[in-house]
Each structure stands twice: as structure tokens, then as C-alpha cells.
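Working notes for the structure below.
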Amino acid sequence: MHVLVATAGALSPEPVVEFARHLIGGTGHVTVTTVVEVPREFLDDLDSDDWHPLRDDSDPAHKENVVAAYLSERGDRLTDPIRQALAAARIPCEARVLEGSDAAAAISAAANDMNVDVVILGATKQLFDFDAWESVSARVMLESGRPVLVVPQARKDVDNDERVNGYQPTPEPPEST
């Protein structure tokens, strides 16, 4: 089984490792991906600040190298936590950075191009809200035709003093002496 994990950097590695372990069995593999929108004008402006008379900045190869470096740096930063957690769990994985401004379209196209069996995404909106139908995960499910597993954000630890789902435990009565 081939699992595609798409992250924007907020997906918690622990549940991804557990789901991936169960999904791939002993013979599958995982591709971790992220979608990066390249701010080409911004990169051109940054590059123009580093002008040198002997360097030809009009060379398209130079601009593509700058874009490739940006994609690599940004993509590694976003995919490394999950990729490293999968590698530590001895789950075969590779990372792939996708360029695009529409994350859902890029992930759907990648899922089809790689012929994955399932897509794992992080929940970025309330799951039971009308807006969820416009979310990246809903669009990937509809556009790719693949099963999508949506992993909610990890719940923050609750202090003993905090209310949990509206429940406040009654304090223990003091011991009588």
C-alpha cells in the first residue's frame, strides 16, 4: 500500500506514524509531501540586492536554481518532522515537495500521479462545520477520488485545574482528624 501524507507543517508526527504503520503493513511505503507557493517576485527582489557586475542574473538557470533552493529549504522544514518520525519507526518513506498556489489541486494531482492508495492530511478547520466542505481535505477527497484520512490537531494537555468539556470535578472533602 502506498500512503501519501500531506502536511503544511502542523500535522503531528505521532498519529501519522501509527496510522501509516497499520496502513502499509510490511510491504508498503509512505511519501511525505507539502505544497509550497514560490514567491518568485520576492526572490527576484532579494537576488537583485546581491548584484555583482560579473554575474549574469538574466540566466534562467540561475533563477531556477534560486527557486529550487527555496523549494528545498521550505519543503525540508515542513516535511522533516514527519519524515524523521517515520524513519525512526523504520517505515520506508520519501519526501516530495510540490510547487503550487492551490494545495488541494496539487495534492490531488500528486495522489493520482503516484497512484497512492490513501491520503493522510491534517485537519485545519472544524470537521463538522459547513466550511469543512471547502477545506483542503474535502477537496482532495473529491478531486482525487482517493480515501482521505483526516488527522485532527493534537489535543493540548489539560492542567488539573482546567475544566474538561464543561466538567469540573468536585474537590475532595478535607480529611477529618
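Using numbering that gives the first Met the number 0, the first residue of the sequence shown is number 0, and each one after it goes up by one.
Cβ coordinates follow ideal geometry from the N, Cα and C atoms, glycine included.
Assuming residue i is part of the alpha helix (DSSP H), what are its boundary residues?
| i | result |
| --- | --- |
| ILE119 | Note, ILE119: premise wrong, no alpha helix (DSSP H); beta strand (DSSP E) at 117 to 121. |
| LEU10 | LEU10 -> no alpha helix (DSSP H), and no H or E assigned at all. |
| ARG138 | 135 to 143 |
| ALA108 | 102 to 112 |
Within 10 angstroms of its Cβ, does residue i collect 16 or more other Cβ (buried), or is it exposed?
| i | result |
| --- | --- |
| GLY165 | With a pLDDT of 49 at GLY165, under the threshold of 50, the modelled position of that residue is not reliable, and no figure is offered here. |
| SER107 | buried |
| LEU120 | buried |
| ARG82 | buried |
| PRO38 | exposed |
| GLU17 | exposed |
| LEU141 | exposed |
| SER136 | buried |
| ASN159 | Any reading at ASN159 is ruled out, since the residue's pLDDT is 44, under 50, leaving its predicted position unreliable. |
| SER134 | buried |
| ALA87 | exposed |
Tell me which same chain residues have a C-beta within less than 6 Å of the C-beta of residue i, skipping the five on either side of it?
| i | result |
| --- | --- |
| ALA19 | VAL2, VAL29 and ILE90 |
Excluding the five sequence neighbours on either side, which residues of its own chain have a C-beta within less than 7 Å of the C-beta of residue i, listed in chain order?
| i | result |
| --- | --- |
| GLU36 | GLY99 and SER100 |
| GLU161 | Summary for GLU161: the model assigns pLDDT 49, below 50, so the residue's position carries little reliability, and this model does not support an answer. |
| GLY24 | MET0 |
| LEU77 | THR6, ALA7, GLY8 and THR33 |
According to DSSP, residue i sits in a beta bridge with which residue or residues?
| i | result |
| --- | --- |
| VAL65 | None, per the DSSP bridge assignment. |
| HIS1 | HIS28 |
| ALA87 | The partner list for ALA87 (beta bridge, DSSP) is empty, contrary to what the question assumes. |
| LEU77 | Paired residue(s): none; LEU77 is not in a bridge. |
I'd like the span of the beta strand (DSSP E) that includes residue i, first residue to last.
| i | result |
| --- | --- |
| GLU36 | No beta strand (DSSP E) contains GLU36, which DSSP labels as neither H nor E. |
Spatial neighbours of residue i within its chain, please: CB distance less than 8 Å, with the 5 preceding and 5 following residues excluded, ordered by chain position.
| i | result |
| --- | --- |
| PRO146 | ASP116, VAL117, VAL118 and MET140 |
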